[in-house]
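Residue numbers (UniProt numbering): 1 to 241.
Just so it is clear, CB atoms sit at the ideal spot from N, CA and C, and this is done for glycine as well.
Laid out in structure tokens, this is it:
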């Protein structure tokens, strides 16, 4: 936890928002992250309560809801969504959105992932998601959570321009941008910018970033803080602490 808090402070010093995905949190852990300045905590519900046991056995659905409650109680914003295309039914997809929309406060960020099938994994043979079904899900998410950022997340690399365009028109108003999303590839940055231009989509304007020299200096400072005399316990996140 000390190393995580130092990372948060370092990134905040660069004038950037912070978001982490660390798994389950206790109330105390959530408070520590909030006090360090963490803006968003990502913890997906993944699917409906009914289908959940077919995918995940290491923790319960209620465990996930409890973590979201701890995050909200600590004053942080919530990033929570799910994965589509794991063999779930249409009712399961609706059930996921019902769970998210019935949280005490809607998540500020709702990432919708399309499963990226990996050879050798249990889900490599599941049927592909029908594009119009995915677009409908985006539309329903927008209706049910009108103020949330509905984010196109994993799987975008497999979507053609037409499918992505329909998602934006249906209500998606955010993407995960960059060459890679965790372990899966993302569309090239130039491709995203070209698609936005074709569709007349304008990027949200944010506060001006530090100039290049200052930003590099701040980045060096973050690296120095994080790398300074790490101990074995610093290098690994222990959810029990």
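Euclidean distance between Cα positions of residue i and residue j
{"i": "residue 199", "j": "residue 29", "result": "43 Å"}
{"i": "residue 110", "j": "residue 156", "result": "15 Å"}
{"i": "residue 102", "j": "residue 202", "result": "31 Å"}
{"i": "residue 100", "j": "residue 172", "result": "16 Å"}
{"i": "residue 168", "j": "residue 107", "result": "19 Å"}
{"i": "residue 136", "j": "residue 2", "result": "43 Å"}
{"i": "residue 43", "j": "residue 197", "result": "32 Å"}
{"i": "residue 27", "j": "residue 143", "result": "31 Å"}
{"i": "residue 134", "j": "residue 32", "result": "37 Å"}
{"i": "residue 190", "j": "residue 41", "result": "29 Å"}
{"i": "residue 132", "j": "residue 170", "result": "11 Å"}
Assigned exposure category for residue i - 16 Cβ within 10 Å defines buried
{"i": "residue 54", "result": "exposed"}
{"i": "residue 194", "result": "exposed"}
{"i": "residue 59", "result": "exposed"}
{"i": "residue 240", "result": "Note that residue 240 scores a pLDDT of 47, beneath 50, so its modelled location is shaky and nothing firm can be said."}
{"i": "residue 46", "result": "buried"}
{"i": "residue 121", "result": "exposed"}
{"i": "residue 105", "result": "exposed"}
{"i": "residue 71", "result": "buried"}
Cβ separation of residue i and residue j, assumed to be a contact under 8 Å, to the nearest whole Å
{"i": "residue 140", "j": "residue 84", "result": "With 8 Å as the limit, residue 140 and residue 84 do not qualify as a contact, their Cβ atoms being about 12 Å apart."}
{"i": "residue 36", "j": "residue 56", "result": "Actually they are not in contact, since the Cβ atoms of residue 36 and residue 56 sit about 28 Å apart, beyond 8 Å."}
Among the options, the one whose alpha carbon lies nearest that of residue i
{"i": "residue 21", "options": "92, 10, 47, 76", "result": "76"}
{"i": "residue 86", "options": "80, 37, 115", "result": "115"}
{"i": "residue 163", "options": "138, 150, 146, 4", "result": "138"}
{"i": "residue 147", "options": "19, 78, 32", "result": "78"}
{"i": "residue 158", "options": "190, 113, 71", "result": "113"}
{"i": "residue 80", "options": "16, 149, 204, 94", "result": "149"}
Close-in-space but distant-in-sequence residues of the same chain around residue i (CB under 7 Å, 5 per side omitted)
{"i": "residue 24", "result": "59, 63, 67, 239"}
{"i": "residue 51", "result": "88, 92"}
Own chain residues within Cβ distance below 8 Å of residue i, not counting five before or after
{"i": "residue 124", "result": "117, 118"}
{"i": "residue 49", "result": "61, 95, 99"}
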